[in-house]
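Below is one structure, written out as structure tokens; the observations come after it.
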Amino acid sequence: MAKRDYYEVLGVPKNASDDDIKKAYRKLAMKFHPDRNQGDGAKQAEEKFKEAKEAYEMLSDAQKRAAYDQYGHAGVDPSMGRGGPGAEGFGGFAEAFGDIFGDIFGGGGRRGGGQQVYRGSDLSYAMEITLEEAAAGKDSQIRIPSWDTCDTCHGTGAKPGTSAKTCSTCNGAGAVHMRQGFFSIQQTCPHCQGNGKVIPDPCPSCNGAGKIKRQKTLEVKIPAGINEGMRIRSAGNGEPGTNGGPPGDLYIEIRIKKHDIFERDGDDLHCSVPVGMTTAALGGAIEVPTLGSKAEINLPEGTQHGKTFRLRGKGVKGLRSS
1 MAKRDYYEVL GVPKNASDDD IKKAYRKLAM KFHPDRNQGD GAKQAEEKFK EAKEAYEMLS
61 DAQKRAAYDQ YGHAGVDPSM GRGGPGAEGF GGFAEAFGDI FGDIFGGGGR RGGGQQVYRG
121 SDLSYAMEIT LEEAAAGKDS QIRIPSWDTC DTCHGTGAKP GTSAKTCSTC NGAGAVHMRQ
181 GFFSIQQTCP HCQGNGKVIP DPCPSCNGAG KIKRQKTLEV KIPAGINEGM RIRSAGNGEP
241 GTNGGPPGDL YIEIRIKKHD IFERDGDDLH CSVPVGMTTA ALGGAIEVPT LGSKAEINLP
301 EGTQHGKTFR LRGKGVKGLR SS
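So for the sequence shown, my numbering puts the first residue at 1; every next one is plus one.
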């Protein structure tokens, strides 16, 4: 079956910029990635994913794109009569693939010196508050893990008097290349785990990590109107990155304690109020609890059991109106 035009595959014009091509591939990759498509339609999604990947490999490389623009598929496919990229032609694919999917799925990138750079993992923290606190908002403090530079090795990870050595497996690159036919696949070095260096004598205080785990106090502002299950993001307060990578984030998930009187439904509050038979039959004023002071309503004659009355503005002020 004839291959589709690469520009058509990505849905971009022939004069598309590199950024436009990357954005188009990112969109298709997220849509058709095998991890996101299981069961029925998985095979078709996989083919779409491979097609988009091939198109991006070619159009993201200036030389390959120029050859494709001039000769079409024959300019980049060695099986169609031209030289094409050859055994080294796909060397840039691993970096392009890592760059795209590092952004989408949280993987690592690369930084100067060849070392693998990884963003730190996100952390979760469950905070339990009362319904009154959720409605009014509050300033709170929590204790979270913090990583400080090791005082013994000053962050090197090596035992005092020693130093880290360049990894002999990857020669300090942090990655190794494996050939599979025409493809050259780049993988994290299994010896140094992408660091580019190894520590023969680890620091006894931090076990070679270069950092010590401690606890720190974090100020948290709970906005008025927050609800069960909502999360507050504290940027940069997750686990530290690797080799200079950025730290992850902290997500504070709200849990609201069960209330003795009220049940919350969105921004509405529900409660049951006992009423004497005489008042229900003849009507009269009764007091109703609210989150603030008590309110008073007048029952009409013949009020039936289970009748619902609404008090405007006596629920929870929503986040959007705060």
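The C-beta atom is built at its ideal place from N, Cα and C for all residues, glycine as well.
Since this is a predicted model, take the numbers as computed values, not measurements.
Relative to the C-alpha of residue i, which candidate in the options has its C-alpha closest?
i: K138; options: D249, K221, D18; result: K221
i: Q193; options: K211, I212, N171; result: N171
i: P246; options: D122, N15, R214; result: D122
i: A173; options: P274, I142, K197, H73; result: K197
i: P190; options: A175, D260, R179; result: A175
i: I261; options: L291, I212, K23, Q63; result: L291
i: E54; options: R233, H177, D40, K22; result: K22
i: T149; options: A158, A52, R310; result: A158
i: E219; options: P289, I212, Q70, L250; result: L250
i: I256; options: D151, E301, K50, M127; result: M127
i: G284; options: K294, P34, P300, E51; result: P300
i: K211; options: F49, P240, F32, M277; result: P240
i: A52; options: H154, S124, D5; result: D5
i: I142; options: A209, S234, A67; result: S234
i: G161; options: C167, P200, A134, H177; result: P200
i: C167; options: N195, L282, Q44; result: N195
i: G155; options: M178, A136, N207; result: N207
i: E337; options: G72, G306, A295, I254; result: Limits of the chain in this structure are 1 at one end and 322 at the other, which puts residue 337 out of reach.
Going by DSSP in three states, residue i sits in which element: helix, strand or coil?
i: M230; result: coil
i: K23; result: helix
i: T166; result: strand
i: Q63; result: helix
i: T217; result: strand
i: D151; result: coil
i: Q70; result: helix
i: R36; result: helix
i: T278; result: helix
i: K211; result: strand
i: Q304; result: coil
i: K14; result: coil
i: M173; result: Checking the sequence, you will find Ala at residue 173 rather than Met. Coil, per DSSP.
i: F309; result: coil
For residue i and residue j, I'd like the C-alpha separation in whole angstroms.
i: A16; j: V9; result: 13 Å
i: L131; j: V273; result: 19 Å
i: R231; j: T242; result: 26 Å
i: D267; j: G313; result: 10 Å
i: Q304; j: I286; result: 15 Å
i: D20; j: M30; result: 16 Å
i: N37; j: R26; result: 16 Å
i: I252; j: G236; result: 13 Å
i: A164; j: Q187; result: 22 Å
i: I185; j: E57; result: 14 Å
i: L269; j: S293; result: 15 Å
i: G225; j: K3; result: 55 Å
i: F32; j: H259; result: 45 Å
i: A134; j: D265; result: 13 Å
i: P289; j: E263; result: 12 Å
i: A209; j: G248; result: 17 Å
i: M178; j: I129; result: 53 Å
i: K213; j: G238; result: 12 Å
i: D69; j: F49; result: 22 Å
i: K43; j: P13; result: 28 Å
i: F90; j: H73; result: Caution applies to F90, whose pLDDT of 36 falls short of 50 and renders its modelled position unreliable; the model cannot decide the point.
What are the partner residues of residue i, as DSSP defines its beta bridges?
i: I222; result: K138
i: Y251; result: S124, R233
i: I261; result: Answer is none; I261 lacks a bridge partner.
i: I286; result: I297
i: Y118; result: T242
i: S146; result: R214
i: H191; result: In the DSSP output, where bridge partners are listed per residue, H191 has none listed.
i: K197; result: T166
i: M178; result: I185
i: A158; result: P202
Could you check where the beta strand (DSSP E) with residue i kicks off and where it finishes?
i: L10; result: Per DSSP, L10 belongs to no beta strand (DSSP E); it is in the alpha helix (DSSP H), 6–10.
i: L269; result: 268–270
Tell me whether residue i counts as near the ligand MG, meaning its Cβ is closer than 8 Å to at least one heavy atom of that ligand.
i: T152; result: The ligand MG is not among the ligands present in this structure, which contains no ligands whatsoever.
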